[in-house]
Amino acid sequence: MTSAFAAQEAVSRTAGQVDALFWFIFGISLFFFLLVEGLLIGFAIRYRRRKGEEAVATSDVKGSFLLEAIWILIPSLVVLAFFLYGYVVFREMRSPLPGASDIQVVARQFLFEFRYPDGRSTVGELRVPVGKPVKLILSSEDVIHSFFLPAFRTKQDMVPGRFTSLWLEPQREGTFEIFCAEYCGVGHSGMRATLHVMPEAGYAAWAAAGSGSGTASPAERGKALAEKSGCLGCHSVDGTAKIGPTFREIYGRRTVLSDGREVAADEEYLRESIVDPGAKIVKGYPNVMPTFKTSLSPDDIADVVVYLKGIGGKEGRK
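In the numbering used here, the protein residues as written are 190 to 507.
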């Protein structure tokens with residue numbers, strides 16, 4: 190069912206129920222709106238004071254127990270119907286089907302990381318099989334985020350220090366957008382991800398492929414770590430302006446800092462910027478980058494530095 194007020198067609202069972210609830214509430218609300226406004230306009234026309242007529246005092250209006258009971262009972266029944274219908278849909282949305290597979294979703298400024306049962310993880314891309322229930326266990330590493338899937342009509346806050354969850358059962362294959370719906374900082378508008386609903390055979394093949402052979406080069410490992418850590422959400426590799434300085438030709442570049450100093454972006458500068466990003470702030474950019482001192486090992490940091498050195502920098506052009 191396509192809602193006139195929704196950007197995408199509902200693609201899950203619970204999404205269809207949410208749309209049905211929306212139209213139920215909208216239809217009843219529209220009926221009473223037209224009824225009340227119609228009576229209001231009708232009475233205004235019927236009992237208006239006409240030109241040349243003398244004003245006539247309105248007779249006293251006495252109370253009517255029946256009328257008062259009607260206008261209390263009918264709205265109460267309507268609101269009760271809204272509540273009961275909404276509760277049924279809410280229970281369905283909060284109760285995963287038996288056998289649902291668990292996927293951990295970790296939010297941090299400004300990315301979503303998805304961790305699968307087999308130990309692999311992806312950033313910015315969630316893959317699930319069509320027709321199978323999936324439970325998403327949500328958490329945040331920094332501030333409050335909100336996991337929003339418009340096509341599935343579902344949204345859930347991600348709160349630091351606690352777990353929340355939601356579940357979904359895609360009814361058709363396709364690619365769907367995921368947004369952060371809670372303002373979380375200067376990069377909030379770019380905090381997006383993609384849900385890929387795959388055929389069962391395709392998902393099984395992807396799952397069987399594993400996370401790689403483990404023989405990647407330091408630059409390849411560094412690139413994977415940079416993507417996983419969300420570096421490319423704030424830093425471009427093609428010179429495009431983002432929250433942070435571009436990675437393009439960063440190695441060896443003379444950089445002007447916010448205090449007026451000028452430094453060379455050598456290996457030590459790159460390493461320090463990863464573990465203590467507030468030590469040297471590039472002029473014109475906000476001090477919003479988190480530290481990766483505890484999330485990346487020294488070997489990881491070394492791999493990331495190798496990757497950065499090769500992005501169009503002096504070493505990359507040799």
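We treat Cβ as the ideally placed atom computed from N, Cα and C, and that holds for glycine.
According to DSSP, what are the bridge partners of Glu-302?
Taking the sequence shown and counting its residues from 1, one reaches residue 302 at position 113. According to DSSP, which records beta bridges pairwise, Glu-302 is partnered with Val-295 and Val-312.
Check whether the segment 406–416 and the segment 486–500 are in contact - that is, three or more C-beta pairs closer than 8 Å.
Yes, since at least three Cβ pairs between the segment 406–416 and the segment 486–500 fall closer than 8 Å, the two stretches touch.
Of all the alpha helix (DSSP H) runs that stay within the bounds of the segment 420–506, which reach a length of 4 or more residues?
Those alpha helix (DSSP H) runs which fall completely within the segment 420–506 and span 4+ residues are 420–423, 456–464 and 487–498.
Among the residues of its own chain, which have a CB less than 8 Å from the CB of Ala-244, if the five just before and after it don't count?
As a position in the sequence shown, residue 244 is number 55, starting the count at 1. Result list for Ala-244: Arg-238, in chain order.
Given this structure, state the Cα-to-Cα distance separating Glu-362 from Val-386, to the nearest angstrom.
Walking along the sequence shown from the start, residue 362 turns up at place 173. Walking along the sequence shown from the start, residue 386 turns up at place 197. Computed Cα separation, rounded: 5 Å.
Along the chain, where does the alpha helix (DSSP H) that runs through Ala-289 open and close?
The residue labelled residue 289 in the question sits at position 100 within the sequence shown. First-last for Ala-289: undefined, no H or E at that position.
Can you tell me whether DSSP reads Glu-362 as helix, strand or coil?
Taking the first residue of the sequence shown as position 1, residue 362 is located at position 173. If DSSP states are grouped into helix, strand and coil, Glu-362 belongs with coil.
With a CB to CB cut of under 6 Å and the five nearest residues on each side skipped, what residues in its chain are close to Pro-349?
Here residue 349 refers to the residue found at position 160 when the sequence shown is read from its first residue. Hits under 6 Å: Ser-329.
Taking the beta strand (DSSP E) that Ser-328 falls in, what are its first and last residues?
By one-based count along the sequence shown, residue 328 stands at place 139. Its beta strand (DSSP E) spans residues 323–329.
For the beta strand (DSSP E) containing Arg-381, name the first residue and the last one.
As a first step, residue 381 must be located in the sequence shown, where it is residue number 192. Unbroken beta strand (DSSP E) run through Arg-381: 381–387.
Are Ile-367 and Arg-381 touching if we call contact CB-CB under 8 Å?
Position 178 of the sequence shown holds residue 367. Position 192 of the sequence shown holds residue 381. Contact flag set, yes.
By how many angstroms is the C-alpha of Lys-431 removed from the C-alpha of Leu-421?
For the purposes of this step, residue 421 is identified with residue 232 of the sequence shown, where counting begins at 1. For the purposes of this step, residue 431 is identified with residue 242 of the sequence shown, where counting begins at 1. Their backbone Cα atoms lie some 9 Å apart in a straight line.
In terms of alpha-carbon separation, which member of Val-464, Leu-497, Ile-263 and Leu-357 lies closest to Val-207?
Mapped onto the sequence shown, residue 207 falls at position 18. Of Val-464, Leu-497, Ile-263 and Leu-357, the residue nearest in Cα terms is Leu-357.
Under the DSSP definition of a beta bridge, which residues are partnered with Lys-251?
Residue 251 sits at position 62 when you count from the first residue of the sequence shown. BP columns for Lys-251 are empty, so no partner.
Given a threshold of 16 other Cβ atoms within 10 Å of its Cβ, counted over all protein chains shown, does Pro-247 qualify as buried or as exposed?
What you label residue 247 is simply residue 58 of the sequence shown in a count that begins at 1. First, the residue type needs correcting, since residue 247 is Thr and not Pro in the sequence shown. When all chains shown are included, Thr-247 counts as exposed.
Return helix, strand or coil for Asp-307, following the three-state DSSP convention.
Here residue 307 refers to the residue found at position 118 of the sequence shown. Asp-307 falls in the coil class under three-state DSSP.
With DSSP run on the structure shown, which of helix, strand or coil describes Val-268?
The sequence position of residue 268 within the sequence shown is 79, counting from 1. Residue state, collapsed to three classes: helix.
Using the rule of at least 16 other Cβ atoms within 10 Å of the residue's Cβ for burial, across every protein chain shown, is Pro-434 buried or exposed?
Your numbering for residue 434 matches position 245 in the sequence shown. Buried is the call here.
Starting from Phe-341 and walking both ways along the alpha helix (DSSP H), at which residues does that stretch end?
Start at 1 with the first residue of the sequence shown, and residue 341 comes out as number 152. Segment: none, Phe-341 is in no alpha helix (DSSP H) and carries neither H nor E.
Tell me whether Ala-209 sits in a helix, a strand or coil according to DSSP, three-state version.
As a first step, residue 209 is located in the sequence shown; it is residue number 20 there, counting from the start. Reduced to three states, the DSSP call for Ala-209 is helix.
Which of helix, strand or coil does DSSP assign to Val-317?
In the sequence shown, counting from the first residue as 1, residue 317 sits at position 128. In this structure, Val-317 counts as strand in the three-state DSSP scheme.
Where does the unbroken beta strand (DSSP E) through Ser-354 begin, and where does it stop?
Reading the sequence shown from its first residue, position 165 is the one you call residue 354. Per DSSP, the unbroken beta strand (DSSP E) holding Ser-354 starts and ends at 353–357.
Can you check whether the CB of Val-464 is closer than 8 Å to the CB of Thr-480?
If you number the sequence shown from 1, residue 480 lands on position 291. If you number the sequence shown from 1, residue 464 lands on position 275. Yes, the Cβ-Cβ distance between Thr-480 and Val-464 is below 8 Å.
Let me confirm a value: Thr-429 is counted as buried when at least 16 other C-beta atoms fall within 10 Å, else exposed. Which label applies?
Stepping through the sequence shown from its first residue, residue 429 is reached at position 240. With fewer than 16 other Cβ atoms within 10 Å, it is exposed.
With 16 other CB atoms within 10 Å as the buried threshold, where does Leu-459 fall?
Start at 1 with the first residue of the sequence shown, and residue 459 comes out as number 270. With 16 or more other Cβ atoms within 10 Å, it is buried.
Let me know if Ile-230 comes out buried or exposed under the rule of 16 or more other beta-carbons within 10 Å of its beta-carbon.
Taking the first residue of the sequence shown as 1, we reach residue 230 at position 41. Exposed is the call here.
Helix, strand or coil: which one does DSSP assign to Ile-333?
Position 144 of the sequence shown holds residue 333. The answer is coil: DSSP assigns Ile-333 none of H, G, I, E or B.
Quick test of your reading: Phe-341 and Ala-204, contact by CB under 8 Å. State the CB separation rounded to the nearest angstrom.
Here the question's residue 341 lines up with position 152 in the sequence shown. Here the question's residue 204 lines up with position 15 in the sequence shown. Indeed they touch by this definition, with Cβ atoms about 5 Å apart.
Let me make sure I understand the geometry here. Which of Lys-344, Ala-393, Val-375 and Phe-213 has the alpha-carbon closest to that of Val-268?
The residue given as residue 268 occupies position 79 in the sequence shown. Comparing Cα-Cα distances from Val-268 to each of Lys-344, Ala-393, Val-375 and Phe-213, the minimum goes to Phe-213.
How far does the alpha helix (DSSP H) with Arg-410 in it extend, from its first residue to its last?
In the sequence shown, counting from the first residue as 1, residue 410 sits at position 221. 407–417 is the extent of the alpha helix (DSSP H) around Arg-410.
What is the DSSP secondary structure of Ser-284, reduced to helix, strand or coil?
By 1-based counting over the sequence shown, the position of residue 284 is 95. The three-state secondary structure of Ser-284, taken from DSSP, is coil.
Could you name the residues of the same chain whose beta carbon sits closer than 6 Å to that of Val-250, not counting the 5 residues immediately before and after it, in chain order?
Here residue 250 corresponds to residue number 61 of the sequence shown, with the count starting at 1. Once the five neighbours on either side are set aside, Val-250 has no close Cβ partner at all.
Output yes or no for whether 8 Å exceeds the beta carbon distance between Leu-315 and Met-347.
Here residue 315 corresponds to residue number 126 of the sequence shown, with the count starting at 1. Here residue 347 corresponds to residue number 158 of the sequence shown, with the count starting at 1. No, the pair does not count as a contact, with Cβ atoms beyond the cut-off.
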